[in-house]
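S.K.: Protein chains in written order, with the numbering used here: chain U, 8 to 245; chain X, 8 to 245.
Idealized CB from N, CA, C, for every residue including glycine.
Since we're looking at a predicted model, the values are computed, not measured.
I'd like to ask you about the structure that follows.
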DNA sequence: TGAATAGGTTAAAGATTGTTAACTGTTGTT
DNA sequence: AACAACAGTTAACAATCTTTAACCTATTCA
């Protein structure tokens, strides 16, 4: 049986294309590599990939146009863009077209593969994995706890490990109190006096990241912990 | 249908136990928490967990004894130890009993969950995942590229991200030439002059780690790349 | 042989992340 | 009001990882 996952890679640089193809193949994927947008569209129809990785800058047909074409045929297939620089407009345009993720060039193939794995894991979820949420919507922001990325409508902030661990925990208890001591244990494995102060330092940092979104508030519940208060009010709010 | 993964946690500290239990439950696991070794053994028989997390220090029956008991019944169930300190004897003892991994106290629950995910991913592998090797055997050493850990028979070295990415790539091409330029692209996404020299610095570092094992040699293939030469000679060697 | 190129090695510089300390403010209790 | 406990904030500090520079050796080829 051949159950390999099929990846379409549209990339005009032959060397980058080849390396990337080879890397995916080494990890058990089946790859079709196309050097321009027209070939990629043709290939999409014949090869029937499970996921598309599209370079934005490409001859004949750019990545965005290609993605739009693909989206008219299939609204659900995961699409990941390779963007030349971190052009904000590109990023926004990409998400509007319905990209699932994007990676900035130059990218390490390690990272690209990690992202593809994540996309596939998520899209193939809903089985025994309901509890395992890794992307959170908080107000107008979205937070990807796997990749430690907090996205606003304007920019994208890379969080550190600890920032991310703490925010993830707060998100899991959105609109509920997150107990201070539990939080210390979950993140540091320990709740000594000094860790405790570190936590406060991180809370300050997180508040700075979140302050632009007026729907979000990271409230202190004195001698209990913190509560991440968001726009998505639920029944148990009070 | 209830396809939740069942986790047995044997931990005598009630607070740590509770936090850990809760964390696993939040992520969709079914958990049974036992406060001593005897209860844990009983629970093992009734609850039939998919994985066991055992504290080494426990009243009535310590983790090692408990693991030995479990191993007489089931030789394959994944076992993960929680060790009080990083006592080397404990670690070695643990692996001799047949542990799959261990985590040092104090541990962050984040980390513990990551390890459990990894163990389950691997033990449940062999499906459409053949290509995705993450633990490599090189000579007498073993290298876990997920957790960046290189284990010798004596010690355990934590590699940095870059060290690990490079070594992983060399391992995938064990006894074959790893092209220098590909390597630069895979790890840095780019092969400028300066990256190139960084690679050489890392090769020096890796050679230091590997020098104790006389079966392993990290050979330079001038103007091509490097070859990780190991004891496991294969047909295509020359 | 000798110049050019590739790679080896070490140390210093730079960047990032996390911890600690010191000072400030706030809340609740007596 | 006065004190203690808790939390907020900032900056200094420390640790770690990566890059860069400098100098050196080995190989290749004209």
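Assess contact between the segment 80-94 of chain U and the segment 50-60 of chain U, defined as three or more Cβ pairs (one per stretch) separated by less than 8 Å. Is contact present?
M.R.: yes
S.K.: Could you tell me whether the Cβ atoms of residue 197(U) and residue 232(U) are closer together than 7 Å?
M.R.: No, these two residues do not count as a Cβ contact at 7 Å.
S.K.: Tell me whether residue 78(U) sits in a helix, a strand or coil according to DSSP, three-state version.
M.R.: helix
S.K.: Is it true that the CB of residue 194(X) sits closer than 7 Å to the CB of residue 228(X)?
M.R.: no
S.K.: Ignore the nearest five residues each way along the sequence and tell me which others in residue 12(U)'s own chain have a CB closer than 8 Å to its CB.
M.R.: 35, 36, 37, 57, 58 and 127
S.K.: Below 9 Å on C-beta distance, what does residue 204(U) contact in chain X?
M.R.: What residue 204(U) touches in chain X: nothing, since even the nearest Cβ is about 17 Å away.
S.K.: List the DSSP bridge partners of residue 232(X).
M.R.: 186(X) and 228(X)
S.K.: Can you tell me which of 146(U), 147(U) and 142(U) puts its alpha carbon nearest to the alpha carbon of residue 156(U)?
M.R.: 142(U)
S.K.: Can you check whether the C-beta of residue 197(X) is within less than 7 Å of a C-beta belonging to chain U?
M.R.: yes
S.K.: Residues of chain U with CB under 8 Å from residue 179(X), in chain order?
M.R.: Near residue 179(X) (Cβ distances below 8 Å), the residues of chain U are 33.
S.K.: Using 10 angstroms around the beta-carbon of residue 129(U), count the other beta-carbons present and answer buried if the total reaches 16, otherwise exposed.
M.R.: buried
S.K.: With 7 Å set as the bound, which would you pick, yes or no: does the beta-carbon of residue 21(U) sit closer than that to a beta-carbon of chain X?
M.R.: no
S.K.: Starting from the N-terminal side, write out each stretch of the beta strand (DSSP E) that is 3 residues or longer and does not extend beyond the segment 141-227 of chain U.
M.R.: 142-145, 148-151, 156-158, 163-165 and 184-186
S.K.: Please classify residue 131(X): is it buried, with 16 or more other beta-carbons within 10 angstroms of its beta-carbon, or exposed?
M.R.: It counts as exposed.
S.K.: Using the DSSP secondary-structure output, state which residues sit across from residue 22(U) in a beta bridge.
M.R.: Looking at the DSSP output, residue 22(U) sits in no beta bridge, so it has no partner there.
S.K.: Using the three-state DSSP reduction, which class does residue 48(U) fall into: helix, strand or coil?
M.R.: helix
S.K.: Hey, would you say residue 70(X) sits closer than 7 Å to residue 54(X), going by beta carbons?
M.R.: no
S.K.: Residue 26(X) versus chain U: which residues are under 7 Å apart at the beta carbon?
M.R.: Per Cβ cutoff of 7 Å: 189, 192 and 193.
S.K.: Check the Cβ-Cβ distances between residue 125(X) and every residue of chain U, and say whether any is below 7 Å.
M.R.: no
S.K.: Say whether chain X places a C-beta atom closer than 7 Å to the C-beta of residue 115(U).
M.R.: yes
S.K.: Report, in whole angstroms, the separation of the C-beta atoms of residue 148(X) and residue 158(X), which I expect to be a contact under 8 Å.
M.R.: 6 Å
S.K.: Any idea if residue 214(U) is buried or exposed, counting beta-carbon neighbours within 10 angstroms, 16 or more meaning buried?
M.R.: exposed
S.K.: Tell me the DSSP bridge mates of residue 106(X)?
M.R.: DSSP output for residue 106(X) lists no bridge partner at all.
S.K.: If you measure between the beta carbons of residue 125(U) and residue 112(U), is that distance less than 7 Å?
M.R.: no
S.K.: Considering only residues of the same chain and omitting the five flanking positions on each side of residue 238(U), which have a CB-CB separation below 6 Å?
M.R.: 146 and 222
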